Amino acid sequence: MQDLPLIVTYIIDDDKLHQFGMRRMFKYIHTPVQLFQFYNGLQALEYIKAHLPQLINLPDVILLDVNMPVMNGWQFLDEFIQLMPPQNHRTTIYMVTSSISDADVEKAASYSEITEYIIKPADIEQVKELFEDIHEKLS
């Protein structure tokens, strides 16, 4: 069996229970991830800004919540898009949120950077499929 590449994955979500559940899912689906957890968009942006010059630990995948304190998912996304030079690193972004608002779904559809809008809780098969797709892209 071919070794799968390590996927640098950011979970940006203020829900600690969701973060815990996602960590457990990664163990069950045997996906090689380097996981970084942030509880709001600002924490993630500060981390990215600190590591961007060295291109260290930049995300291959972001699992992004919409509604968070300090900086919500939309604010994070707007700043992230401006910050990341597209030619250097391609990040796959999934909105993983409890928001079923039509406005949020439509807004997500307006961003070409968002791969998919997923309503919480994401199930294990869904997460497994997402990461199988990402492994194919990275291979």
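Quick note on numbering: full-length UniProt numbering labels position 16 of the sequence shown as 16, and the sequence is numbered without any gaps.
For each residue, glycine too, the CB sits at the ideal point set by N, CA and C.
Remember, it's a predicted structure, so these values are computed and weren't measured experimentally.
Nonlocal neighbours in the same chain, by C-beta distance under 6 angstroms from residue i, ignoring five residues either side
i: Ile11; result: Gln19, Met22, Gln37 and Leu63
i: Met71; result: Asn40, Gly41 and Leu42
i: Ser98; result: Lys120
Straight-line Cα distance separating residue j from residue i
i: Met1; j: Pro32; result: Residue placement at Met1 cannot be trusted, given a pLDDT of 40 that sits under 50; the coordinates are not used to answer.
i: Lys120; j: Leu55; result: 31 angstroms
i: Ala44; j: Lys107; result: 21 angstroms
i: Val96; j: Leu77; result: 13 angstroms
i: Ala50; j: Glu136; result: 29 angstroms
i: Met25; j: Val127; result: 8 angstroms
i: Asp3; j: Ala122; result: 26 angstroms
i: Asp102; j: Tyr28; result: 32 angstroms
i: Ile124; j: Gly73; result: 23 angstroms
Which listed residue (the options) has its alpha carbon closest to that of residue i
i: Thr92; options: Pro121, Tyr117, Glu106 and Arg24; result: Tyr117
i: Glu46; options: Gln34, Phe80, Ile29 and Pro69; result: Phe80
i: Met84; options: Pro53, Arg24, Tyr28 and Ile29; result: Pro53
i: Pro69; options: Ser112, Leu138, Glu113 and Asp13; result: Asp13
i: Leu138; options: Ile29, His30, Tyr28 and Arg90; result: Arg90
i: Gln82; options: Glu132, Glu113 and His30; result: Glu113
Exposed unless 16 or more other CB atoms sit within 10 angstroms - verdict on residue i
i: Ala109; result: exposed
i: residue 153; result: In the structure as shown, the chain starts at 1 and stops at 139, and residue 153 therefore has no counterpart that could be examined.
i: Leu130; result: buried
i: Ile134; result: buried
i: Leu17; result: exposed
i: Ile48; result: buried
i: Asp65; result: buried
i: Asp15; result: buried
Contact set for residue i: own chain, Cβ-Cβ below 8 angstroms, skip 5 residues either direction
i: Ile100; result: Ile119
i: Val8; result: Val33, Gln34, Phe36, Asn57, Leu58, Pro59, Asp60 and Val61
Beta-carbon contacts of residue i that lie in its chain and below 7 angstroms, excluding the five residues immediately before and after
i: Thr115; result: Thr92, Ile93 and Tyr94
i: Tyr111; result: Leu77
i: Val105; result: Tyr117
- Message: Ignoring anything shorter than 4 residues, give me the alpha helix (DSSP H) runs that lie fully in the UniProt domain "Response regulatory" (8–135), in order along the chain.
- Response: Secondary structure within the UniProt domain "Response regulatory" (8–135): the alpha helix (DSSP H) runs of 4 or more consecutive residues, fully enclosed, are 16–28, 41–51, 73–83 and 102–109 (chain order).
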